[in-house]
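Take a look at the structure below.
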Amino acid sequence: QGIRRDGLREIADAYTAQAYITTDQDDNQITAFHPGAMNFAHENRVTDVADVTLGMVSPDGRQGMIEHAEQFAAAGIPFIFDPGQGMPLFDGDDLARFADQATWMAFNDYEAKLMQERTGLSPEQLAHKAEAVIVTRGGEGSTIYTRERRYDIPLAPARQLVDPTGCGDAYRAGLIYGLQNGLDWEVTGRIASLLGSIKIEQAGTQNHGLGRADFDARFHETFGFAL
């Protein structure tokens, strides 16, 4: 599929990280998680892989998240801080340090509130540290805060609601696409929103798919303008 694997490291005596997620009809979730080999993430270094132009620090082993953020910052590589389920691993000082290092930050609405409780910094205030702070709000769409303004991104309606697991990751794929292609936040947020909706229409986290022409057509249908 064209995905590089030279950054992968095999840990012989550890299981791959495993998550079992139970979701009810109101989209409430309970997760059983075993970190396994993920606890060795700090053994990988950002500089082990050549030609990195954009990074993401997402839920991982605690030490791995800390060291990778430091390494991205030291190397001058822009990165998204996306703590997700890893948020409880860090206190206010830790999170404030991530905010100082990150180029962008991404949270869901619960994580954004927790970030504010622990650091005393609202999304608007965090946006004066980073280039942008993205907060997803489930069925209420998402908000992107920058130093200059706030962008309210509408929800892209889903054709059916099947499984919300993985929607946040699909949204973040849209963010990365927009950042890599120099798109503005209005367009980037809408691409991300539509990817999240396409994901929720399928069971499982990686069973969805859509060709570029179909995506462009659906984007135009949903938002009223062409990519």
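Numbering-wise (the working numbering), the sequence shown opens with residue 793 and increments by one. Backbone N, C-alpha and C fix where the C-beta goes; we use that ideal spot for every residue, glycine too. Just so it is clear, the structure is predicted and the values come from calculations on it, not from any experiment.
Where residue i falls: helix, strand or coil (DSSP)
i, result
"Gly-970", "helix"
"His-1012", "helix"
"Tyr-902", "helix"
"Ala-891", "helix"
Alpha-carbon spacing of residue i relative to residue j, whole angstroms
i, j, result
"Tyr-807", "Phe-832", "11 Å"
"Ile-936", "Gly-912", "19 Å"
"Thr-980", "Asn-973", "9 Å"
"Thr-839", "Gln-863", "8 Å"
"Glu-802", "Leu-846", "23 Å"
"Gln-855", "His-834", "6 Å"
"Val-927", "Phe-1007", "23 Å"
"Ala-965", "Phe-1011", "15 Å"
"Leu-800", "Gln-821", "29 Å"
"Gly-852", "Ile-968", "The question names Gly, but residue 852 in the sequence shown is Asp. If you take the alpha carbons of Asp-852 and Ile-968, they lie about 19 Å apart."
Bridge partners - residue i, DSSP secondary structure assignment
i, result
"Phe-825", "Ala-811"
Buried or exposed (CB count within 10 angstroms, at least 16 for buried), residue i
i, result
"Tyr-963", "buried"
"Glu-932", "exposed"
"Asn-999", "exposed"
"Pro-946", "exposed"
| Along the chain, which unbroken stretches of the beta strand (DSSP E) at least 3 residues long are found entirely within the stretch 829-885? | Qualifying beta strand (DSSP E) stretches, in chain order: 847-849 and 871-873.
| task | Could you name each continuous beta strand (DSSP E) segment of 3 residues or more that falls completely within the stretch 905-991, going from the start of the chain to the end? | result | Correct list: 924-928, 934-938 and 942-945.
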